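See structure below.
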Amino acid sequence: MKRAFVFAFAALLSIGAFAQEELPTFQLFDKNDNPVADGATLVLTEGENLGEYQIPSGLYLKNNSDDTQGVGIDVKLVSIDNGSFSCCFPNNCQAISSPGVYEDYNSPATMDAGEARILQTEWIPSNYGSCTAELQFKVFNLEKQDVFGTTVYSPSDFKEYGPKVTLHFVYADPTSVDGIKDNTNTTVLARYNANGMSVKSEVKGLNIIRLSNGKTIKQIKK
């Protein structure tokens, strides 16, 4: 009996250790706080007008460890039909419009234990189309410095890769509106501008269109 108890206790310790090992240093979450699996591909279609129309990723990265960590990012812009892809993670902002591999896309930075940081990553289209980007997060070793009696950490050399995610942005031509003439069962019930005010016809900028089939779509008129 004693021997069986020891074996069971050891097994529990082993399971606990395995669970701790499985917890990644960094974890991605979507805008609804759902974890995003490493290697996932997300299709993003919901846009917003913040001076210019853009489709945000809505993602944030969390430092799951109990220590400050150095973090960086590599970006592979797989394809982009128009406009520009922008990322402000970890702390600098940079916009690109040419496919290619951009290592250490922005300067590495530090994240405190338990800190969550929004990616601020979006596609800013100038027309209908799509954009695909791969984000590879990286963990960096830290260099410790004493600055006027205060300990300051800064990223030094590369340590290991963190999670990876593929973002596929889509800005679709609202053919359901253009094709209403061909579909007598679908009509426009209401139109709204970017401020949510009802309008009788298309306006310059963002148009929010509610259809009789229950769908609500967004359209940009230049």
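Count the sequence shown with mature numbering (1 follows the signal peptide of the UniProt record, and there is no 0) and you get residues -19 to -1, 1 to 203, in order. We put the CB at the ideal spot given by N, CA and C, even for glycine. All values reported here derive from a predicted model rather than from experimental measurement.
In angstroms with no decimal places, state the Cα-to-Cα distance between residue i and residue j.
i	j	result
Cys69	Glu103	9 Å
Ile198	Gly39	19 Å
Leu42	Thr6	10 Å
Ser111	Glu84	22 Å
Gln8	Leu31	28 Å
Pro144	Val180	45 Å
Phe(-11)	Gly20	Bear in mind that a pLDDT of 48 at Phe(-11), under 50, signals an unreliable position, so the model cannot answer this.
Ala76	Val59	14 Å
Thr26	Val128	46 Å
Lys57	Ser88	16 Å
Arg191	Thr168	9 Å
Gly186	Ile201	5 Å
Tyr134	Asn44	15 Å
Taking only beta-carbon atoms, is residue i less than 8 Å away from chain B?
i	result
Asp154	As a matter of chain content, chain B is missing from the structure shown, which is built from one protein chain.
Tell me the DSSP bridge mates of residue i?
i	result
Gly39	In the DSSP output, where bridge partners are listed per residue, Gly39 has none listed.
Lys202	Gly186
Ala76	Ser67
Pro144	In the DSSP output, where bridge partners are listed per residue, Pro144 has none listed.
Tell me whether the beta-carbon of residue i lies closer than 8 Å to the beta-carbon of residue j.
i	j	result
Thr91	Gln50	yes
Ser78	Gly64	yes
Phe66	Ala114	yes
Asn176	Asn188	no
Asp62	Tyr86	no
Thr132	Lys125	yes
Leu170	Val146	no
With three or more beta-carbon pairs closer than 8 Å as the criterion, would you say the stretch 143 to 153 touches the stretch 90 to 110? Counting Cβ pairs under 8 Å, three or more are found: they touch.
The stretch 140 to 147 contacting the stretch 113 to 122, beta-carbon criterion three pairs below 8 Å: Contact holds: three or more Cβ-Cβ distances are below 8 Å.
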